[in-house]
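S.K.: My questions will all concern the structure given below.
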Amino acid sequence: MAVIKPFRAVRPSGRLAHRIAALPYDVMNSGEAKEMVEGNELSFLRIDRAEINFPEMPDPHDPKVYAKAREIFLDMLAQGHFIQDERECFYIYRQIMDGRAQTGLVACASVDDYNNDVIKKHEHTRPDKEQDRIDHIKALEAQTGPIFQTYRDDGQISGLIDEWVRKHDPIYQFRAYNVDHICWIVDRPETVNELKSLFAGVANLYIADGHHRSAAAVRVAMEMRKQNPDPEAEFNYFLSVLFPASDLKIWPYNRLVKDLAGASLEEFFQQVEERFILEKAPASPYAPEQKGTFGMYISDQWYRLTPRPGVVPKDDLVKGLDVAVLQDQLLAPILKIADPRTDQRIEFVGGIRGLKELERRVNEDMQVAFSMYPTSIEEIIAVADHNQVMPPKSTWFEPKLLSGLFIHKLR
3 MAVIKPFRAV RPSGRLAHRI AALPYDVMNS GEAKEMVEGN ELSFLRIDRA EINFPEMPDP
63 HDPKVYAKAR EIFLDMLAQG HFIQDERECF YIYRQIMDGR AQTGLVACAS VDDYNNDVIK
123 KHEHTRPDKE QDRIDHIKAL EAQTGPIFQT YRDDGQISGL IDEWVRKHDP IYQFRAYNVD
183 HICWIVDRPE TVNELKSLFA GVANLYIADG HHRSAAAVRV AMEMRKQNPD PEAEFNYFLS
243 VLFPASDLKI WPYNRLVKDL AGASLEEFFQ QVEERFILEK APASPYAPEQ KGTFGMYISD
303 QWYRLTPRPG VVPKDDLVKG LDVAVLQDQL LAPILKIADP RTDQRIEFVG GIRGLKELER
363 RVNEDMQVAF SMYPTSIEEI IAVADHNQVM PPKSTWFEPK LLSGLFIHKL R
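Take a look at the structure:
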């Protein structure tokens with residue numbers, strides 16, 4: 003059963019939250035981050051992507067980058083830009099995008115739950131990306147990027163959170179990146195204990211987004227345990243926001259491919275038609291209406307692809323996912339993209355950027371685009387429950403959790 007812990011958050015002074023909070027470090031490159039912070043010396047990107055503070059923009063993994071992140075963090079604490087709550091609390095983080103709200107509980111999850119698979123994962127992690135966040139956590143002695151987790155809906159938990167929201171004023175309320183961000187502090191001990199007790203009845207938590215950050219937090223914790231075996235030490239828990247599954251929206255993660263692997267357009271169509279029913283799409287641009295169909299844009303035309311009978315495995319949870327079907331039946335055998343993680347000929351575009359972005363890229367520098375039907379949260383949970391792994395780039399969650407709103411110090 004899930005263990006969650008209240009904590010003494012380091013968080014922005016109320017008047018500065020909108021200036022400090024920033025998009026996660028991994029949704030932009032260094033150049034984009036530098037542009038985003040122009041005119042805002044308080045942006046958390048100056049800590050999360052500290053290479054942007056140097057005129058020569060060094061390697062983001064240079065030790066001096068992590069040292070600069072620590073320097074800025076401690077300076078903002080000293081100047082009162084950040085404050086720390088005096089007692090352990092939970093927090094509520096609501097985001098409203100296009101009229102749809104998702105409301106999560108900000109808490110610390112257990113490293114032991116992660117290790118014992120109470121917290122379920124669905125992605126492999128890359129050592130280099132883990133190491134970056136390990137170095138960042140060690141430099142700041144704090145976790146700054148919350149892990150986006152979900153759980154099966156629980157009426158009592160949702161009811162308690164909704165009741166708190168109705169009866170209390172928020173500590174933050176601002177609009178950023180086309181999303182309304184509203185946060186409350188849950189500082190009543192009885193409510194804190196009730197939430198802890200209710201989550202103790204939740205069988206599993208599921209990492210939706212943040213596999214590298216959570217893996218890094220766990221590795222730091224296991225290292226720190228060698229010096230301090232205290233099971234209640236702060237480093238035994240990692241910063242999370244916990245959302246009921248029904249609140250979440252998953253966007254499609256679309257694909258772009260640079261060339262047809264040497265085939266002519268006619269040859270490509272012939273190969274595709276061996277595995278898929280190929281027809282002109284009923285709309286332009288075209289987004290698949292249901293699982294098991296795909297959009298394809300090539301040579302100024304949208305097509306609908308439907309796998310032929312027998313193409314999709316019926317008894318394999320992962321192989322039956324749309325992203326796996328496209329990879330196994332088209333990208334790999336026809337376009338020769340054996341490993342989408344490393345092949346430079348394929349790019350991935352979050353669905354929030356729209357289908358016009360696919361058209362633009364094909365018209366400019368790519369050859370073919372594929373629009374996807376979004377993976378469902380039920381599919382993610384099922385894969386995780388079976389201790390399996392989703393194919394690369396299966397999900398795009400939006401809105402993103404902002405960094406810098408809640409920070410968990412390890413000591």
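Numbered according to our numbering, the sequence shown spans residues 3 to 413.
Quick reminder that beta carbons are idealized off the backbone N, C-alpha and C, glycines included.
1. According to DSSP, is Tyr179 part of a helix, a strand, or is it coil?
2. Between the C-alpha atoms of Ala247 and Phe278, what's the straight-line distance to the nearest angstrom?
3. Under a three-way DSSP split, which group does Ile45 fall into?
4. On the three-state DSSP scale, how would you describe Lys282?
5. At what residue ranges does the region 217-297 contain a whole run of the beta strand (DSSP E), taking only runs of 3 or more?
6. Which residue wins for smallest C-alpha separation from Lys66, given the options Leu79, Thr152 and Arg51?
7. Can you give me the start and stop residues for the alpha helix (DSSP H) that Tyr116 sits inside?
8. What first and last residue would you give for the beta strand (DSSP E) that runs through Pro309?
9. Runs of 3 residues minimum, wholly inside the region 132-175: which ones carry the beta strand (DSSP E) assignment?
10. To the nearest whole angstrom, what separates the beta carbons of His170 and Ile382, a pair I think is in contact under 8 Å?
11. If you draw a straight line from the C-alpha of Met226 to the C-alpha of Gln303, how long is it?
12. Cβ atoms of Lys358 and Val29: under 9 Å apart, would you say?
13. Quick check on this structure: which residue in Pro287, Thr308 and Ser286 has the alpha carbon closest to the alpha carbon of Phe296?
14. Would you say Pro309 faces chain B, with C-beta separation under 9 Å as the test?
15. Considering only the alpha carbon of each residue, which of Arg362, Gln369, Glu361 and Gly352 lies closest to Thr377?
16. Can you look up Leu412 in the DSSP assignment and give me helix, strand or coil?
17. Can you find the residues in the same chain that come closer than 6 Å, C-beta to C-beta, to Phe270, ignoring five residues on each side of it along the sequence?
18. In terms of residue numbering, what span does the beta strand (DSSP E) encompassing Glu349 cover?
M.R.: In terms of the structure at hand:
1. It is coil, neither helix nor strand.
2. Taking the straight line joining both Cα atoms gives about 33 Å.
3. Sequence inspection shows Ser at residue 45; the Ile mentioned does not correspond to that position. Note: Ser45 maps to coil in three-state DSSP.
4. Strand at Lys282.
5. Listed in chain order, the complete beta strand (DSSP E) runs (minimum 3 residues) inside the region 217-297 are 239-246, 255-259 and 278-282.
6. Among Leu79, Thr152 and Arg51, the Cα nearest to that of Lys66 is on Arg51.
7. For Tyr116, the uninterrupted alpha helix (DSSP H) segment begins and ends at Val113 to Asn117.
8. Start and end: Gln303 to Pro309.
9. Listed in chain order, the complete beta strand (DSSP E) runs (minimum 3 residues) inside the region 132-175 are 149-153.
10. In fact, because the Cβ distance is near 32 Å, the residues do not count as touching under 8 Å.
11. Whole-angstrom Cα-Cα distance: 57 Å.
12. In this structure, Lys358 does not lie closer than 9 Å to Val29 by Cβ.
13. Among Pro287, Thr308 and Ser286, the Cα nearest to that of Phe296 belongs to Thr308.
14. No chain B appears in this structure, which consists of one protein chain only.
15. Distance check between Thr377 and each of Arg362, Gln369, Glu361 and Gly352 places Gly352 closest, using alpha-carbon atoms only.
16. It is coil, neither helix nor strand.
17. Leu262, listed in sequence order.
18. Annotation for Glu349: the continuous beta strand (DSSP E) segment containing it runs Ile348 to Gly352.
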